[in-house]
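In this text, residue positions in the sequence shown follow this note's numbering: the first is 463, and each later residue adds one.
C-beta: ideal position from N, C-alpha, C; glycine also.
All figures in this text were calculated on a predicted structure; none of them were measured in a lab.
To start, the structure itself, in structure tokens.
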Amino acid sequence: MRSIFTLALLSVCALSSIAGVNGDNTDKIAAAFKKGNADEVAAFFNSSIDLTVPTGTGVYSKEQAKMILSKFFTTNVPSSAKVIHKGTSGSGANYAVIELETSGGTYRVNVLMKQEGGTYMIRELKIEK
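Rendered as structure tokens:
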């Protein structure tokens, strides 16, 4: 009985630790969106990223995606960003939904992160009205 309790306690601690790390990245990404800082958001990009913005969709290198995001922030100056949902998929990917208020209106930002070398990196980013 004692070993079952110990195992359950260790499992809860491990899951809390994982959730804390993932939440930190999500919160950092949301904070970067609130500031309209493409460099800070791009720090979490994978080497290539599937990016959707109101002007188009494509698979871009990290640098190309950063430039596109920077242009988006120039025409849509952010005033607030808040995480409205986050979680982990069955395949181990993390996801988040961020509500972004800008000078151009309200956008829904969907973020999909997969683990690369022990760190969760953004593989897919969708910014939609």
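- prompt: Comparing alpha-carbon positions, which option in T488, F495 and T514 lies nearest F535?
  reply: F495
Rounded distance between the beta-carbons of A527 and L513, thought under 8 Å: 5 Å
- request: Mind checking which residues open and close the alpha helix (DSSP H) that includes T537?
  value: K524 to T537
query: Is I546 buried or exposed, if buried means 16 or more other CB atoms sit within 10 Å of its CB?
result: exposed
task: Grab me the residues of T517's own chain with a C-beta within less than 7 Å of its C-beta, minus the 5 sequence neighbours each way, in chain order.
output: none
field: Check whether V571 and I589 have beta carbons under 8 Å apart
entry: yes
message: Using C-beta distances below 7 Å, list every residue in its chain close to A555, excluding the 5 sequence neighbours before and after it, in chain order.
response: L574, M575 and K576
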